[in-house]
Amino acid sequence: MNERILELFQEFPDAYVSGEEISRRLNVSRTAIWKHIEELRGAGYEFEAAPRKGYRLVSKPDKWQVKELLSGLKTKVLGHNLHIYGEVDSTQTIAHALVASGASEGTLVLAEAQSSGRGRMGRSWHSPAGKGIWMSLVLTPRIPVYFMPQLTLLSAVALCRAIQKVCRVDIGIKWPNDLLINGKKVSGILLESSGEDERLKYVIAGIGISVNLKREDYPEQLRPIATSLAIETGTDISRESLVQTFLLEFEELYALYIDKGFAPIRLLWEALSVTLKRKIRTHTSSGLVEGIADSLDDSGALTVITNTGEKIKVYSGDIELK
Ligand code: BTN
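Anchor point for the sequence shown: position 3 equals 675 in the working numbering, and the numbering is continuous, going up by one each time.
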């Protein structure tokens, strides 16, 4: 009954619906309606009640709205096998387990919160409840293991385009896949894979987007380097519409990649990059490299022209923009 009441309010957004109307439409007594509204209030829904006018739904709790998410999903495959959780240790762990029990390409794991969100290079990922998109997407591309970095770059392009579309904000990619707004990180991507005989068996694309975090939601040490879409745009963003838009962007780029290879993705990545032609510094296995980030090569590695004019390829790790 609570769901039916909510559906009714969705028909009349921002308007008062009288107790009489609800009672007639749902065939329940006015006392029962009052009880259900109280239950919904307890679950975080905010209602205004006015004499002779009825009830108005003022706000919903920011929990994943499964129906909304699925009904607006325009993809063919990605995201339709959807697993939503409250708090988990990491959506990556859940996705790996789902693959082990037969989950197929496009399976999506979403959580409200992560207690041990994983970042790249052994770092942790701050994932407070209801404030972000913490998700893992299962992919089974038939490509060699050494093409994985290309998928990472593809994910960054899809994410960047989705954020641009939904939030109309100036965002760019720092190699390989950090998304920055005004120099601060708003989103990160972690790809984990399993392979056999040099072929990928599956990839789990873990994506973290800091959507509606406020400054006080960040621990002190992250405040100078991290930001959220809400902080940067000054308004809360619908997590559902961002997930839907991302999955569609990803599906289109993924199809393009499977059909035409990395070349078109590379061009898109280069156009969104805030790294190329900038002075950078990075630590590689052969020591510190400083120079100008010049281009991406066919494998997705970053070509750096060092201060002594040498061309060096950087395959993994982090770079520091100077
Ligand atoms: C990074 O920039 O270091 C990558 C961050 C990736 C975070 C996401 S949140 C969803 C998924 N689950 C995890 O534990 N990590 C990824």
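Positions of the beta carbon are idealized from the N, C-alpha and C atoms, including for glycine.
This one's a predicted model, so the numbers in the text were calculated from it and none came from an experiment.
Is Gly789 near the ligand BTN - that is, is its Cβ less than 6 Å away from at least one heavy atom of it?
Start at 1 with the first residue of the sequence shown, and residue 789 comes out as number 117. Gly789 has its CB nearer than 6 Å to a heavy atom of the ligand BTN.
Beta strand (DSSP E) segment containing Leu745, residue limits
As a position in the sequence shown, residue 745 is number 73, starting the count at 1. First-last for Leu745: undefined, no H or E at that position.
Cβ-heavy atom distance, Ser900 to the ligand BTN, below 6 Å:
Translated into the one-based positions of the sequence shown, residue 900 becomes position 228. Taking the Cβ of Ser900 as the reference point, every heavy atom of the ligand BTN lies at 6 Å or farther away.
For Ser808, the nearest candidate out of Ala722, Arg792, His755 (CA to CA)
For this step, residue 808 is matched to residue 136 along the sequence shown. It is His755 whose Cα lies nearest to the Cα of Ser808.
Where does the unbroken alpha helix (DSSP H) through Val771 begin, and where does it stop?
For the purposes of this step, residue 771 is taken as the residue at position 99 of the sequence shown. Per DSSP, Val771 belongs to the alpha helix (DSSP H) from 763-772.
Could you give the DSSP three-state label for Ile756: helix, strand or coil?
Position 84 of the sequence shown holds residue 756. Secondary structure at Ile756: strand, using DSSP grouped into helix, strand and coil.
Endpoints, the beta strand (DSSP E) within which Trp806 is located
For the purposes of this step, residue 806 is taken as residue 134 along the sequence shown, with counting starting at 1. Per DSSP, Trp806 belongs to the beta strand (DSSP E) from 804-811.
Please classify Val760: is it buried, with 16 or more other beta-carbons within 10 angstroms of its beta-carbon, or exposed?
Stepping through the sequence shown from its first residue, residue 760 is reached at position 88. Residue environment for Val760: buried (at least 16 other C-beta atoms within 10 angstroms of its C-beta).
Check whether the stretch 930-941 and the stretch 898-917 touch, using three or more Cβ-Cβ pairs below 8 Å as the test.
Pairwise C-beta distances place the stretch 930-941 out of contact with the stretch 898-917, as fewer than three of them are shorter than 8 Å.
As an exercise, report each continuous alpha helix (DSSP H) stretch of at least 4 residues that is fully enclosed by the stretch 809-867, in chain order.
Contiguous alpha helix (DSSP H) elements confined to the stretch 809-867 occur at 820-839, taking only those with 4 or more residues.
Based on the DSSP output, what are the partners of Tyr874 in its beta bridges?
For the purposes of this step, residue 874 is taken as the residue at position 202 of the sequence shown. Ser866, per the DSSP bridge assignment.
Could you tell me whether any non-hydrogen atom of the ligand BTN is closer than 6 Å to the CB of Thr642?
Because residue 642 is not part of the residues shown, which for the chain are 673 to 994, the question remains open.
How would you write the range of the beta strand (DSSP E) that Ala721 sits in, first residue to last?
Translated into positions along the sequence shown, residue 721 becomes position 49. Run containing Ala721: 718-722, per the beta strand (DSSP E) assignment.
For the ligand BTN, I want to know if Gln764 counts as a neighbour, meaning its beta carbon is within less than 6 Å of at least one of the ligand's heavy atoms.
Reading the sequence shown from its first residue, position 92 is the one you call residue 764. Yes; taking the cut-off as 6 Å, the Cβ of Gln764 has a heavy atom of the ligand BTN nearer than that.
In the DSSP assignment, what residue or residues form a beta bridge with Lys983?
Within the sequence shown, residue 983 is the residue found at index 311, counting from 1. Per DSSP, the beta bridge partners of Lys983 are Ile977.
To the nearest angstrom, report how far apart Ala772 and Val749 are at their CA atoms.
Along the sequence shown, read from residue 1 onward, the residue named residue 772 stands at position 100. Along the sequence shown, read from residue 1 onward, the residue named residue 749 stands at position 77. Using only the alpha carbons, I get a separation of about 19 Å.
Distance, Trp806 Cα to Gly972 Cα
Position 300 of the sequence shown holds residue 972. Position 134 of the sequence shown holds residue 806. Rounded to the nearest angstrom, the two C-alpha atoms are 25 Å apart.
With distance defined between alpha-carbon atoms, name the residue in Arg840, Gln836, Val875, Asp842 nearest to Met820.
Counting from 1 along the sequence shown, the entry for residue 820 is found at position 148. Of Arg840, Gln836, Val875, Asp842, the residue nearest in Cα terms is Val875.
State the beta-bridge partners of His708 as determined by DSSP.
Looking up residue 708 in the sequence shown gives position 36. Looking at the DSSP assignment, His708 forms no beta bridge with any residue, so it has no partner.
Any 3 or more C-beta pairs closer than 8 Å across the stretch 694-711 and the stretch 729-749
The stretch 694-711 is not in contact with the stretch 729-749.
Could you check if Ser988 belongs to the surroundings of the ligand BTN, using beta carbon to heavy atom distance under 6 Å?
Residue 988 sits at position 316 when you count from the first residue of the sequence shown. Incorrect: Ser988 has no Cβ contact closer than 6 Å to the ligand BTN.
By a C-beta neighbour count over all protein chains shown, 10 Å radius and 16 as the cutoff for buried, is Gly880 buried or exposed?
If you number the sequence shown from 1, residue 880 lands on position 208. Classification of Gly880: buried, given that the 10 Å Cβ count is 16 or more.
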